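J.: Before we start, here is the structure in question, set down as structure tokens.
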Amino acid sequence: MAEETIFSKIIRKEIPADVLYQDELVTAFRDINPRAPVHILVVPNKLIPTTNDVVADDELALGRMITVAKKLAADEGIAEDGYRIIMNCNQHGGQEVYHIHMHLVGGRALGPMVIG
Ligand code: DGP
Numbered sequence: 001m002a003e004e005t006i007f008s009k010i011i012r013k014e015i016p017a018d019v020l021y022q023d024e025l026v027t028a029f030r031d032i033n034p035r036a037p038v039h040i041l042v043v044p045n046k047l048i049p050t051t052n053d054v055v056a057d058d059e060l061a062l063g064r065m066i067t068v069a070k071k072l073a074a075d076e077g078i079a080e081d082g083y084r085i086i087m088n089c090n091q092h093g094g095q096e097v098y099h100i101h102m103h104l105v106g107g108r109a110l111g112p113m114v115i116g
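Position one of the sequence shown corresponds to residue 1 (the numbering used here), numbered consecutively onward.
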């Protein structure tokens, strides 16, 4: 059984967060440390620690994450100019919170993808 992270508490509304969207599969909230004018995290409600742990049964939630990101990009007014979607995995991917999440980042020109 994977260990819960702060994101499970946000999903259950046990700690505050700027939640923009929630349904039976996913939750979206603003990143506490935004790297751009728009920086939203879209997470599955189910605890999946990393993308290595994804199974076929998760495909509905993972697809929902994309459609919710698309909706939020439109709501935030960044759809036309564009944005970036990022998922980090494990140490080399720079993952800090072990509950998979999609970063939706935009609101300025982000430049080429940097691999540091
Ligand atoms: P990653 O490096 O991909 O695991 O990104 C984790 C992100 O989670 C990071 O951008 C900061 C954000 N984050 C961490 N703790 C909290 C929190 O308690 N609330 C919110 N809203 N965001 C958090």
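Backbone N, C-alpha and C fix where the C-beta goes; we use that ideal spot for every residue, glycine too. For clarity, every value in this text was computed on a predicted model and none was experimentally measured.
Using 7 Å as the threshold, is the C-beta distance between I40 and A28 below it?
T.: Locating residue 40 in the sequence shown gives position 40, where the first residue counts as 1. Locating residue 28 in the sequence shown gives position 28, where the first residue counts as 1. The answer is yes: Cβ separation under 7 Å.
J.: Assuming the contact rule is C-beta atoms closer than 8 Å, V117 and H99 should be a hit. Round their C-beta distance to whole Å, please.
T.: Because the chain here runs from 1 to 116, residue 117 falls outside it and cannot be looked at.
J.: Using a Cβ-Cβ cutoff of less than 6 Å, which residues in the same chain neighbour K9 once the five nearest sequence positions on both sides are dropped?
T.: Translated into positions along the sequence shown, residue 9 becomes position 9. Only I15 meet the Cβ criterion.
J.: May I have the straight-line CA-CA distance separating I48 from A2, to the nearest angstrom?
T.: Taking the sequence shown and counting its residues from 1, the one referred to as residue 48 is at position 48. Taking the sequence shown and counting its residues from 1, the one referred to as residue 2 is at position 2. Their backbone Cα atoms lie some 8 Å apart in a straight line.
J.: Under the assumption that I78 contacts V38 (Cβ atoms under 8 Å), give the Cβ distance between them as a whole number of angstroms.
T.: In the sequence shown, residue 78 corresponds to position 78, counting from 1. In the sequence shown, residue 38 corresponds to position 38, counting from 1. Correct: roughly 5 Å between the Cβ atoms.
J.: Could you compute how far the alpha carbon of I32 sits from the alpha carbon of L20?
T.: Position 32 of the sequence shown, counted from the start, is the residue given in the question as residue 32. Position 20 of the sequence shown, counted from the start, is the residue given in the question as residue 20. Rounded to whole angstroms, I32 to L20 spans 13 Å at the Cα level.
J.: Any chance the CB of N90 is under 6 Å from a heavy atom of the ligand DGP?
T.: Within the sequence shown, the letter at position 90 stands for residue 90. Outside the cutoff, so no.
J.: Hey, would you say the C-beta of G111 is under 6 Å away from at least one heavy atom of the ligand DGP?
T.: Locating residue 111 in the sequence shown gives position 111, counting from the first residue. The answer is no for G111.
J.: Taking the beta carbon of V26 as the centre, do at least 16 other beta carbons fall within 10 Å, making it buried, or is it exposed?
T.: In the sequence shown, residue 26 corresponds to position 26, counting from 1. That one is buried.
J.: Please go through the same chain and pick out, in chain order, the residues whose beta-carbon is closer than 8 Å to the beta-carbon of M113, but skip the five residues on each side of it.
T.: To locate residue 113, count along the sequence shown from 1; it is residue 113. R84, listed in sequence order.
J.: May I ask you to check if the CB of A69 is nearer than 6 Å to at least one heavy atom of the ligand DGP?
T.: By one-based count along the sequence shown, residue 69 stands at place 69. No - the ligand DGP has no heavy atom lying nearer than 6 Å to the Cβ of A69.
J.: Are the Cβ atoms of G82 and N88 separated by less than 7 Å?
T.: By 1-based counting over the sequence shown, the position of residue 82 is 82. By 1-based counting over the sequence shown, the position of residue 88 is 88. No, these two residues do not count as a Cβ contact at 7 Å.
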